[in-house]
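J.: Residue numbers (the UniProt record's numbering): 1 to 246. Note that beta-carbon positions come from the ideal geometry of N, C-alpha and C, so glycine has one too. This structure is in structure tokens; I'll ask about it shortly.
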């Protein structure tokens, strides 16, 4: 075999781009709250449609003679997944989505009127959220988007012996910074506490307590979950936090 043919068979040509570099050029990964995140080396996939055209992408950059399974092999080696993330659906929006299948007068329909008020509220809230995200904040202020992530069942094992082993439920309250500050994950398992309002309030307390002394103002953006966020327990806890001297 000639040197040129041997080099070409290894997909090494002047026009070739290494598979790893090509994968890095894919569009930004979308947020994935699947329990695969328990693996620190797991990289969320690009959107599912990219899986269908990924081989054609490699073909376009003349990675010839590229085997059809070669990109897939590299994807598996880099621990890249193609799972479509599960997303929460608002109960009010889902109710209206099912309702609009029927013919009704929107001006007099109770469900439609409730949805219009709901839409106005979440549109306004979203605008305030984006304003907080885009505007500069003072050095003594921090802004977080807070959410309880999907519970993790640990240990995560795929061996036959692990199928009958009891799993430990692990909770993750994530404080994602809207600016350049680092993100915070407050994690605990069911042997310590559960996920009631008081347990979630303690997560906020730990974030505030362990913050630097420079920070004087916190802004938390949370969802409308009454069991964890929209309740008097958390409100009372906040009042206690700000009036409690370190």
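#1: Could you check where the beta strand (DSSP E) with residue 184 kicks off and where it finishes?
#2: Residue 178: which of 96, 227 and 132 sits nearest, CA to CA?
#3: Strictly by DSSP, which residues pair up with residue 221?
#4: In chain order, what residues of the same chain have a beta carbon less than 7 Å from the beta carbon of residue 145, not counting five sequence neighbours either side?
#5: At a cut of 8 Å, does the stretch 186-204 reach the stretch 110-124 through at least three beta carbon pairs?
#6: Could you have a look at residue 169 and say whether DSSP puts it in helix, strand or coil?
#7: Please name the residue in 231, 197 and 238 whose C-alpha comes closest to that of residue 208.
#8: Taking the C-alpha atoms as reference points, what is the distance between residue 225 and residue 236?
#9: Measure the beta-carbon distance from residue 111 to residue 95 and round it to whole angstroms, keeping in mind my assumption that it falls under 8 Å.
#10: Report buried or exposed for residue 171, applying the criterion of at least 16 other Cβ atoms within 10 angstroms of its Cβ.
#11: Tell me whether the beta-carbon of residue 201 lies closer than 7 Å to the beta-carbon of residue 174.
#12: Give the DSSP-derived three-state secondary structure of residue 215 in the structure shown.
#13: Helix or strand or just coil, what does DSSP make of residue 111?
#14: Which residue or residues does DSSP assign as beta-bridge partners of residue 175?
#15: On a Cα-Cα basis, can you pick out the residue from 206, 217, 218 and 199 that is closest to residue 231?
#16: Nearest to residue 240 by alpha carbon, out of 215, 210, 204 and 229?
#17: Got a sec, what are the start and stop residues for the alpha helix (DSSP H) residue 226 sits in?
#18: What is the rounded straight-line gap between the Cα of residue 212 and the Cα of residue 164?
#19: By Cβ distance below 7 Å, which residues in the same chain neighbour residue 99 in space, the five residues on each side in sequence not counted?
#20: Just to confirm, are residue 219 and residue 140 a CB contact at a threshold of 7 Å?
#21: Cutting at 6 Å between CB atoms, please list the residues of its own chain near residue 92, excluding the five before and the five after it.
T.: Looking at the atomic coordinates:
#1: 184-189
#2: 132
#3: In DSSP, residue 221 forms a bridge with 145.
#4: 176, 178 and 221
#5: As far as the Cβ criterion goes, the stretch 186-204 does not touch the stretch 110-124, which means the pair count is below three.
#6: Three-state DSSP puts residue 169 in a strand.
#7: 238
#8: 17 Å
#9: 7 Å
#10: buried
#11: no
#12: coil
#13: helix
#14: 146 and 184
#15: 199
#16: 204
#17: Going by DSSP, residue 226 is part of no alpha helix (DSSP H) at all; its letter is neither H nor E.
#18: 44 Å
#19: 111.
#20: no
#21: Excluding positions up to five away in sequence, the list reads 118.
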